[in-house]
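Student: Just passing along the structure, written as structure tokens.
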Amino acid sequence: MTIVNNHSDALTLRGIEKRFGELVAVKRLSLSFRRGEVHALLGENGAGKSTLMNVAAGFLTPDEGEIEVGGQRLGFGSPRASLAAGIGMVHQHFRLVEKFTVAENLAVGADDVSSISTPRQLIERARLLAEKFDISVDPASPVWALSEGEKQRVEILRTMSRGARVLILDEPTAVLTPDEATRLCTNLRAMAAEGTTIIFISHKLNEVLSVADRISVMRHGSLLETRERSDSTVATLSKMMFAEHETGTNQLGHRQRDSGEEILIVSHLSADDDRGVPALDDVSFVVRQREIVGVVGVAGNGQKELEQLVTGDRRPQEGSVTIDARPIDGIRSAIKAGLAYIPEDRKGTGLVPSQSIWRNAILRNYLEQPVNRHGIIRGRHARSFASELVARVELSTSDTATLVHQLSGGNAQKLLAGRELEQRRRIVVAVNPTQGLDIKAAEAVRTSLSDACDNGLAILLISADLDEALGLADRILVLYEGRVVGEFTAHDADRDHIGMLMGGARQ
Amino acid sequence: MNDTLLVASIASAISSSTAVLIAATGELLVEKTGVYNIALEGVMLVGALAGFLVDLSSGSWLLGLLAAAVAGGLFALLYGVITVLFRTDLIVVGVALILVAQGVTDTLGTSHVGQSAKSVIPIWNLPLLSRIPFVGPALFRQSIVTYVAILLPVGAAYLLNRTRHGLNIKAIGENPEAADTSGISVIGWRLFYTGVGGAMAGIGGAVITLGIVKDWVSDVTAGEGWIAFAVVFFSGWQPGWVIAGAYFFGALSVLGDVGQALGWSIPSEFFTVLPYIGTILVMILRAWLQRRRGAVSWPAALGLPFYRG
């Protein structure tokens, strides 16, 4: 008998492929995790990190490939089977029963709880578990009363108490305060030292460099490279993470324009996020007519708050936003001032998926002539308006009665962009406008943005895709931890330098 | 009011609460897993007829109850498969199944209208207790099923609050993702309890035909399934309050007889609608109290379909 497996490997993924419709989220990926290591899985949003790990933990069934745990092949698509094999996952959104106590949450689905137990016995059991795994929790407290960090510890303790030898954490620091994050990293190192394999999904370079033994970088569903931490720096990792696409977006060619008057003025903007933690710190910039300004950064560095502030969906702690010198203090005032908005969540925030194309097409002008007369929407005019729009943006269907949820992502985005990018608007805020689109659809959306800009619109492009920003924008701002840490024009933009700034390197 | 009438009224209130009590306890268990069976009225009706027909042909009320449990369980399982497994709309499917149940039982029962049950659920005078003056005849000369029925919520409370299995059920109804992550079969247990709740509602229906009304008329449940459904909401999903709710509605339903016997000058129609009006009033009161306490007591995932991933 030959030993094929390296016995220090706790978990091996071989040729895993996972598709969602046409989208290939993970492409024939193979990766091994060693016993007792902290292994970071690094990549941009949408790189396929979470999908891959949901497959490993049994929450998703892959289309191809196999999983091996300690030399045994594992069946697919059952969290129970994966847990029994020693693979547990803590999701980004915690899966706890808010009304239950910590002790009750730890007991749910646990086979070692005796079939009849008093609350007191469950609390005692939880106390012993906390001691055994050296994770401090308050067993009698209801979960709703806990902080995010405490909830996370309950999740980790639950997973460990089920016998997990491989612990997967999906962006574990995203909801934590800096103190809690530091404490988590210390705990994870200690657990790894005891022999547990920790898989740490993240897109934060500094964090990964401080906690991981090895780092695997993923992009577009593929594994680029696995490196030892000692061979890695912010520079090498960011270069990989943000490396140029094979299908070069910069082939699009950047257009020369003469920008006009200042349309959007953001001055000294500071704001907190939903947790009350500062998210933006003294951000100032302007966007002029016939100018595309790209804001780049790793997700979670203040882009979301900036987007909400500019569209009037969030109030700043300090500073102000004006469009055409009109102050923005709410969504309505932003729209009145001439805001057009292409949100990231195109079929949720941007369009009404359960409604037809024509109803979605008139959402910006349903109060105006000729679509509306005397307060009544005239179906014939609305439909002919929609037909023109559909023809202009070259949708795959010409039937305006088609429901939007039946459209592909690309067609939905064309419809949304076509509706928003019209002459009377002053500024467009576009957020990851080509995310999840195929190459052709992405190209069409980029072209329509460029055309709209040539025709006099100001465009604020908030993108997680550096290549897209480089290809489209006249100026690029780099956002890191809520501050603008770099500004480049289209001519002096150096992608490696920008990548490093995005990763938190000092300028 | 004379004592005899009062005693008879209390006894009657208790016995007529039995069907609602059994059905509501079953529905409570279903709802704890996050599914509500809005077709409860239809399930009771199916159970009522199945129990009655088997009683007629076998001459055994016990076999009748058994048949009612099987028929109610299967009918509810049909609802469960359509809603839980295929994730369709609970209300639309529920209402459709009630109409199906009403049509089918009406058709199958036509030739038996007015016929009496062959074997009725016997009365059991509890030894000693039933001989206590006043209290005895009021409380302790009930049908066997009535005594069992009051134990059901107690058993449900024990199951939910003291057992590992109960904890798992509640987790499914509160946060199915959490239960799934812990390796509990969300869909499996939801189906199982939909069936169990259906069996109990079926028995509740047969208690009406074999113990309370004791014969067959079309639509014999007359809204008791809906009342059981309301009792669960009234209870705040606590088994103890299911008992209180069921007896409260039982009391309302015998108030008409009391009024008639005492010659109150209130039209009998008023007393007929009283349980239904009472349902509405009590629900409003309950909602108001709950808001004042600031506590949300329903299972957080009640009525929500479960998808993984």
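Chain order of the listed sequences is A and B.
Numbering-wise, this note's numbering puts 307 at position 297 of the first sequence, and it's gapless, one number per residue.
Numbering-wise, this note's numbering puts 1394 at position 134 of the second sequence, and it's gapless, one number per residue.
In this text, a Cβ means the ideal position worked out from N, Cα and C, and glycines have one as well.
Computed from a prediction, not measured in an experiment: that's the story for all the values here.
Tell me the DSSP bridge mates of ILE1298(B)?
Tutor: ILE1298(B) pairs with nothing; no bridge assigned.
Student: How about GLU1434(B) and ILE1358(B): do their beta carbons lie closer than 8 Å?
Tutor: Contact: no.
Student: List the endpoints of the continuous beta strand (DSSP E) containing ASP461(A).
Tutor: Not the beta strand (DSSP E): ASP461(A) falls in the alpha helix (DSSP H), residues 449-464.
Student: Taking its Cβ as the centre, do 16 or more other Cβ atoms sit within 10 Å of HIS287(A), making it buried, or is it exposed?
Tutor: In the sequence on display, residue 287(A) carries Val and not His. VAL287(A) is exposed by the Cβ-count criterion.
Student: What first and last residue would you give for the alpha helix (DSSP H) that runs through GLN1402(B)?
Tutor: Element bounds for GLN1402(B): not the alpha helix (DSSP H) but the beta strand (DSSP E), 1401-1403.
Student: Could you check which residue in HIS49(A), VAL400(A), ARG45(A), ARG90(A) has the C-alpha nearest to that of ARG1568(B)?
Tutor: The residue with the shortest Cα to Cα distance from ARG1568(B) is ARG90(A).
Student: Which residue marks the beginning of the beta strand (DSSP E) containing TRP1501(B), and which one marks its end?
Tutor: Premise fails: TRP1501(B) lies in the alpha helix (DSSP H), 1499-1522, not in any beta strand (DSSP E).
Student: Which residues in chain A have a C-beta closer than 9 Å to the C-beta of ILE1444(B)? List them in chain order.
Tutor: Correct list: ARG90, VAL118, GLY119.
Student: Closer than 8 Å between beta carbons: that is the criterion. Which residues of the segment 1415-1434 of chain B meet it against chain A?
Tutor: Of all residues in the segment 1415-1434 of chain B, ARG1422, THR1423, ARG1424, HIS1425, LEU1427, ASN1428, LYS1430, ALA1431, GLU1434 have a Cβ within less than 8 Å of some Cβ in chain A.
Student: For MET170(A) and LEU1313(B), I'd like the C-alpha separation in whole angstroms.
Tutor: If I take the Cα positions, the gap works out to 55 Å.
Student: Checking 8 Å against the spacing of the C-beta atoms, do TYR1507(B) and SER1277(B) come in under that value?
Tutor: In contact: TYR1507(B) and SER1277(B) (Cβ atoms closer than 8 Å).
Student: Could you check the C-alpha separation between GLU271(A) and GLY360(A) for me, to the nearest Å?
Tutor: Approximately 28 Å between the Cα atoms of the pair.
Student: Using DSSP's beta-bridge definition, name the partner residues of LYS28(A).
Tutor: Answer by DSSP bridge pairing, in chain order: VAL36(A).
Student: Nearest by alpha-carbon distance to GLU301(A): which of MET512(A), THR499(A), GLY98(A) is it?
Tutor: Among MET512(A), THR499(A), GLY98(A), the Cα nearest to that of GLU301(A) is on THR499(A).
Student: Using 8 Å for Cβ pairs, my map puts MET512(A) next to GLY307(A). What's the rounded Cβ distance?
Tutor: Right, their Cβ atoms sit about 6 Å apart.
Student: Nearest chain D C-beta to THR1348(B) closer than 8 Å, yes or no?
Tutor: Chain labels in this structure do not include chain D; the protein chains are A and B.
Student: Let me check understanding here. Comparing Cα to Cα, which of THR321(A), ASN311(A), ALA371(A) lies closest to ILE491(A)?
Tutor: Correcting the residue type first, residue 491(A) is Glu in the shown sequence and not Ile. Among THR321(A), ASN311(A), ALA371(A), the Cα nearest to that of GLU491(A) belongs to ASN311(A).
Student: Count Cβ pairs between the segment 148-163 of chain A and the segment 105-115 of chain A that sit closer than 8 Å; are there 3 or more?
Tutor: Counting Cβ pairs under 8 Å, three or more are found: they touch.
Student: Could you tell me which of LEU1316(B), MET1543(B), GLY1340(B) sits nearest to PHE1452(B), measuring between CA atoms?
Tutor: Selected option, being the one with the closest Cα: GLY1340(B).
Student: Can you pull the chain A neighbours of ARG1568(B), defined as C-beta to C-beta under 7 Å?
Tutor: Those within 7 Å of ARG1568(B) in chain A are PHE69.
Student: Leaving aside the five residues before and after VAL14(A) along the sequence, list all residues of the same chain whose C-beta is less than 7 Å from its C-beta, in chain order.
Tutor: Interpretation of VAL14(A) is limited by its pLDDT of 44, a score under 50 that renders its predicted location unreliable; the figure taken from the coordinates is listed afterwards. Correct list: empty, nothing qualifies.
Student: Relative to the alpha-carbon of GLN102(A), which residue among SER60(A), ASP121(A), LEU84(A), ARG137(A) has its alpha-carbon at the smallest distance?
Tutor: With distances taken between Cα atoms, GLN102(A) lies closest to SER60(A).
Student: Return the residues of the segment 107-136 of chain A that lie within a Cβ-Cβ distance of less than 9 Å from chain B, sorted by chain order.
Tutor: Listed by position, the residues of the segment 107-136 of chain A near chain B (Cβ gap below 9 Å) are VAL107, GLU108, LYS109, PHE110, GLU114, ASN115, ALA117, VAL118, GLY119, ALA120, ASP121, VAL123, SER124, SER125, ILE126, SER127, THR128, PRO129, LEU132.
Student: Could you say which of ARG324(A), PHE143(A), ARG130(A) lies nearest to PRO149(A) if we only look at CA atoms?
Tutor: Of the candidates ARG324(A), PHE143(A), ARG130(A), the one whose C-alpha sits nearest the C-alpha of PRO149(A) is ARG130(A).
Student: Per DSSP, which residues does ALA350(A) bridge with? Please list them.
Tutor: According to DSSP, ALA350(A) bridges with VAL438(A).
Student: First and last residue of the alpha helix (DSSP H) that includes SER394(A)?
Tutor: Start and end: 389-402.
Student: Return the bridge partner residues of ARG485(A) from the DSSP annotation.
Tutor: VAL303(A), THR499(A).
Student: Would you report the Cα separation of GLN365(A) and HIS415(A), rounded to the nearest angstrom?
Tutor: The alpha-carbon atoms of GLN365(A) and HIS415(A) are separated by roughly 8 Å.
Student: Below 8 Å on the Cβ atoms is my contact criterion, and I expect VAL331(A) with ILE338(A) to pass it. Report the Cβ-Cβ distance as a whole number of Å.
Tutor: Between ILE338(A) and VAL331(A) the Cβ distance is about 4 Å, and since that is below 8 Å, they are a contact.
Student: Hey, is the segment 198-218 of chain A in contact with the segment 77-89 of chain A, meaning 3+ C-beta pairs nearer than 8 Å?
Tutor: Counting Cβ pairs under 8 Å, fewer than three are found: no touch.
Student: Taking only the alpha-carbon atoms, compute the straight-line gap between ASP504(A) and VAL1295(B) and give it to the nearest angstrom.
Tutor: Each residue's alpha carbon lies about 57 Å from the other.
Student: Return the residue from the list GLU1287(B), LEU1281(B), ALA1560(B), ILE1274(B) that minimises the CA-CA distance to ALA1431(B).
Tutor: Measuring from the Cα of ALA1431(B), the nearest candidate turns out to be ALA1560(B).
Student: Between the C-alpha atoms of VAL1352(B) and ILE1410(B), what's the straight-line distance to the nearest angstrom?
Tutor: Rounded to whole angstroms, VAL1352(B) to ILE1410(B) spans 32 Å at the Cα level.
Student: Give the straight-line distance between the Cα atoms of SER1478(B) and GLY1465(B), rounded to the nearest whole angstrom.
Tutor: If you take the alpha carbons of SER1478(B) and GLY1465(B), they lie about 13 Å apart.
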